[in-house]
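Taking it in order: structure first as structure tokens, then the write-up.
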Amino acid sequence: MIRSALLAATALLALGTPAAAQDFDITGATVATGDGSDPIEGGTVSVRGGRVVYAGPASGAPAASGTAVDGTGKWVTPGLFAAVTSLGLADVDAVDESNDTAARGSPFSAALDVAPALNPSSQHVLVSRAGGVTRASVTGYPSSSIFAGQGAIVDLGDDPMMVVRPRAFQMVALGEAGARLGGGSRTGAHTLLRNALREAGQYGDDSQLVGRAVQPERDRSGDDLPIDTRLLDNETERASDTLLTRFDAAALVPVVRGQQPLYVLVERAADIRQVLSLPREFPNLRLVLVGASEGWMVADRIAQAGIPVIARALNDLPVSFEQLAATQSNVGRMARAGVQVAIGGLDGGTDGQPRTATQYAGNLVALSRVPGADGLSWGQAFAAISSVPAAIAGFEGRLGVLANGAAGDVVMWDGDPLELDSAPERVFIDGVEQPLQNHQTRLRDRYRDLDESDLPKAYDW
Amino acid sequence: MTGRVFMGAAVIALSACSTTGGNESAASTGSAADTGDVPYASTYEPYPGVPTALVGATVYDGAGGRIDNGTVLFRDGEIVAVGGADLSTDGYQRIDGAGKFVTPGVIDIHSHLGDYPSPSVDAHSDGNEATSPMTPEVWAEHSVWPQDPGFSRALANGGVTSLQILPGSANLTGGRSVTLKNVASRTVQGMKFPGAPYGMKMACGENPKRVYGGRGRAPSTRMGNFAVNRQMWLDAKAYADGDRSKRNLANETLAGVLDGEILIHNHCYRADEMALVMDMAKEMGYKVTAFHHAVESYKIGDLLRENDVCSAVWADWYGFKMESYDGIPENGALLQQAGACVIIHSDDQDGIQRLNQEAAKAQAAGARIGIAIPDEVVIGWITLNAAKAMGIDEMTGSLQSGKMADVVLWNGDPLSVYSRPEKVWIDGALMYDAMDAKRRPVSDFELGQPGEGDVK
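In the order they appear, the protein sequences are chains A and B. Our numbering numbers the first residue of the first sequence as 1 and each following residue consecutively. Our numbering numbers the first residue of the second sequence as 1001 and each following residue consecutively.
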């Protein structure tokens, strides 16, 4: 970690870019704003004070200010928003000591909060940043119960402040995963869910909200949820048959009140229908479906309910009995039905690598050329990995899009970002240019040749 | 960053196996050959085709050749001619390929389809005989479920016409592989690639020591891996040099390796470990045909070239286990630069549908550091190079007169994300056609199920 910090510093010096937002204008580029529209040839993107102030045809651009960047032959897009990842929670998945994605032995579930575990120096963060990913939602895996705990919205900037919004959503598993965790069947999972939400409702109503003189120290980052005073109450009386710990009950209060979205892992059409009916019992729930392999079969109902979906792009095999109807046309069909759908998911939907989101989006464009298949337009596909997941995360118009007032998350690519041969050349987060070096690029540079005639490779650094 | 839940399955699936680069006689392996019988012999027969001329497309022949506005002729299951627009197409049904591309059928050297089929429930988990670190006696074909829907997806989305099914990597010696034509069949014998040699899967590194060390038995370390391996080979040599008439299934496979009839496919990630394995092969008198998952091959491209060992690699998988921590996207390109043999493999039911895209990513990573590898060479990473390492290159892997007519017509550049197979022929029979909803396989499992016959 020391080395990567030094590298980052060196890189910034080399580029002459202070670790602060810079004003710049990129001109002459193909500009894709991420909002679903077609790319604009010869466009301009202007950033001032860390925010986008213009993205569009050169004709409407403001007067140049700050650094001029020639974007001729390049593509410029908002940074990618990777939905539902484990970025920053593990160094090596199979190395348990480095992996904070699951807490199987914890007595807590819904109260688990990924924020304190995040490591912005994880190589997966650095590699993803170099791949154009600037923002992500991060969650743990459901493991000690059907509830995974509270996920966060993060940025991938080269600084210690990774969290953009802590406790941004709660994650619950239904379907087969929920059944396993909920006692062995879907009935168990559903009963646990209903009980938990009712206990949380009761707990919220009973809480004394008195707070304490000293509140836990924490990072504030703008628009996150207010401090949860229910965690600080001095109420100890609870019904004798409660199943949730106080922390878990408190954590679910914002869910049942609709202050915090509930992401529901679910695949099968029948399971999706059950989720769609939950608001009849809990009217304030703000639901997001994650997975939804058979979503296309109930796409009209999902659209009607106005519930967004985060789906894997290409899974097309009946890998489980809850995914029998999986098809690569799932995303396209849901989008056509009017569902707000982003690409992502607990396994990334991207071979576990958020940087491959572009490849997956490109594949959805490819489907539009296959008879009988349902794909996306280029603009829709790019939106599915930028503005749409950002909007689902609660940052519509602010992240994942090049629009006036949006964060200055800008990526300049050497070609069509959805194509296999393109890569980011420069990445900005909040207007700050980011180092793109990482463990992989250092290995690449060391082994560009195999010459050890003077000294071993260990001296080549 | 694959999730832990999913990594479990992925790690189990990570395996390397080996087959012999033999010829048709090698199909009768081990002492079974002594009896004159070929056990579980292939019953595969090509399906009927019509004499076909693909005209006007860009042709990558798989052997490094490129023809713009090319013509590919095939009939009676075989490639007849590959040439330019001047090639006569009299007597052939012409298919206009203008704006499209033609390649050999894609070959995946590393698959577990059938052995780890969909749905991936415990009842279907037939890829690792994880009851002993050495199981050379097991044969992957005895686990293959021909109804795995994964075969059809590999055909339709990936243009895969041949694939090697390997046992998993729990064991140091996982057993024999089987090479299949990607043609739906009621039996595995009906898919077996006629004349393909057997391979044997070996695994070094983390998996065997984790699986058996976790049970408090050898091997529990990398040195344990080698000790168990070396003793196995010494015992096998004694068998091979002695009386083979008393049949021993494990030793028959190992003797087949020592005889050069069965090819070694060795799951191995780290450069230092691959170097040790190559030395072990020299010590024991066998050859490693290919390292699979060889994420650190780029560190020893020279050694691999000198030892004539192929590297079957992913484009960019890395960081999911300790021995994959040094994976880099430039691996394939650096190997090509070093003059070593490059193969892109999948080891994955999803990745097998996109080997062309993975090859393109590996090519692009090289281009960005100044290693320019022509498209027609890159196509060889997923066709002829794989065929060579599977010992079937005399029969398939390139568009060459007399070879099997395993052909893909792509609706665009196969190295572009925007392209898909439009038609796939296997032995000259049209087995997939994107323009014909009925010309795609639907497995028994999928009948009457939601999504039956969908484009998938």
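By construction, the Cβ of each residue, glycine as well, lies at the ideal position given by its N, Cα and C atoms. All values reported here derive from a predicted model rather than from experimental measurement.
Are G1397/B and T1289/B close, meaning C-beta to C-beta below 9 angstroms?
-> no
Look at the alpha carbon of L1263/B and the alpha carbon of G140/A, and state the distance between them as a whole number of angstroms.
-> 43 angstroms
Look up V1277/B in the DSSP assignment and say whether it is helix, strand or coil.
-> helix
So is M1435/B buried or exposed if we call it buried at 16+ other beta carbons inside 10 Å?
-> exposed
Neighbourhood of L1014/B by C-beta distance below 7 angstroms, restricted to the same chain and skipping five residues each side | Summary for L1014/B: the model assigns pLDDT 35, below 50, so the residue's position carries little reliability; its value from the coordinates is reported in the next sentence. Hits under 7 angstroms: S1169, N1207, H1267, H1293 and D1347.
Residues in the stretch 250-265 of chain A having any Cβ partner in chain B nearer than 9 angstroms | none
Mind checking whether T358/A and L418/A have CB atoms under 9 angstroms apart?
-> yes
Under a CB-based cut-off of 9 angstroms, is Q1363/B close to chain A?
-> yes
From the beta carbon of D93/A, is the nearest beta carbon of chain B less than 9 angstroms away?
-> yes
Taking all protein chains shown into account, do 16 or more other C-beta atoms lie within 10 angstroms of the C-beta of N284/A, making it buried, or fewer, making it exposed?
-> exposed
Please compile the residues from chain A whose C-beta is within a distance smaller than 7 angstroms of the C-beta of L1334/B.
-> Y447
Contact with chain A by L1470/B, beta-carbon distance below 9 angstroms | Only positions 1001 to 1456 of chain B appear in the structure, and residue 1470/B is not among them; the question remains open.
Give a yes or no on whether 9 angstroms exceeds the smallest Cβ distance from P389/A to chain B.
-> no
Since W1233/B is in the alpha helix (DSSP H), which residue starts that stretch and which ends it?
-> R1222 to D1241
E1273/B CB to nearest chain A CB: under 9 angstroms?
-> no
Could you give the distance in angstroms between the alpha-carbon of R301/A and the alpha-carbon of I307/A?
-> 9 angstroms
Test: G211/A CB closer than 9 angstroms to a CB of chain B = For G211/A, the pLDDT reaches just 44, beneath the cut-off of 50, and the residue's location in the model is therefore unreliable, although a value from the coordinates is still provided. False, the Cβ-Cβ gap to chain B never drops below 9 angstroms.
Is D1061/B buried or exposed, if buried means 16 or more other CB atoms sit within 10 Å of its CB?
-> buried
Proximal residues of chain B, C-beta to C-beta of S329/A below 9 angstroms = D1454, V1455 and K1456
Sub-9 angstroms separation of L181/A and L252/A beta-carbons | no
Between T1029/B and the rest of its own chain, which residues show a CB-CB distance below 7 angstroms, the 5 nearest in sequence each way excluded?
-> Only weak support is given to the placement of T1029/B: the predicted model assigns it a pLDDT of 42, under 50, and the question is left unresolved by the model.
Got a sec: is the Cβ-Cβ distance from N404/A to anything in chain B below 9 angstroms?
-> no
Going straight from the alpha carbon of G88/A to that of V138/A, what length do you get?
-> 8 angstroms
As assigned by DSSP and simplified to three states, the class of K1282/B | helix
Ordered along the chain, which non-local residues of its own chain (more than five positions away) have a Cβ less than 7 angstroms from that of D1096/B?
-> V1055 and G1056
Cβ pair count under 8 angstroms reaching 3, the stretch 1204-1220 of chain B against the stretch 1128-1138 of chain B | yes
Evaluate K1403/B with the Cβ neighbour count: other Cβ atoms within 10 Å of its Cβ, from every protein chain shown; 16 or more gives buried, anything less gives exposed.
-> buried
Report the neighbours of M1435/B on chain A: residues whose CB is nearer than 7 angstroms to its CB, in chain order.
-> P371
Inter-residue Cα distance where the pair is P254/A and R1354/B = 42 angstroms
Taking only the alpha-carbon atoms, compute the straight-line gap between A1010/B and Q323/A and give it to the nearest angstrom.
-> Low per-residue confidence applies at A1010/B: pLDDT is 35, beneath 50, and the placement is therefore not dependable, though the value from the model is reported in the following sentence. Straight-line Cα distance between these residues: approximately 18 angstroms.
Interface residues of chain B facing A325/A [CB-CB closer than 8 angstroms] | Q1449, P1450, G1451 and D1454
Using a Cβ-Cβ cut-off of 9 angstroms, state whether F1445/B counts as contacting chain A.
-> yes
Let me know the secondary structure DSSP gives P216/A once reduced to three states.
-> Bear in mind that the predicted position of P216/A carries a pLDDT of just 49, short of 50, making it unreliable; the figure below should be weighed with that in mind. It is coil, neither helix nor strand.
Specify the secondary structure class of V290/A as computed by DSSP and reduced to three states.
-> strand
Got a sec: is the Cβ-Cβ distance from S1028/B to anything in chain A below 9 angstroms?
-> Caution applies to S1028/B, whose pLDDT of 38 falls short of 50 and renders its modelled position unreliable; the value that the coordinates give is listed next. No, no contact with chain A.
Pick from I1067/B, A1364/B, V1408/B and C1310/B: whose alpha carbon is nearest that of D1433/B?
-> V1408/B
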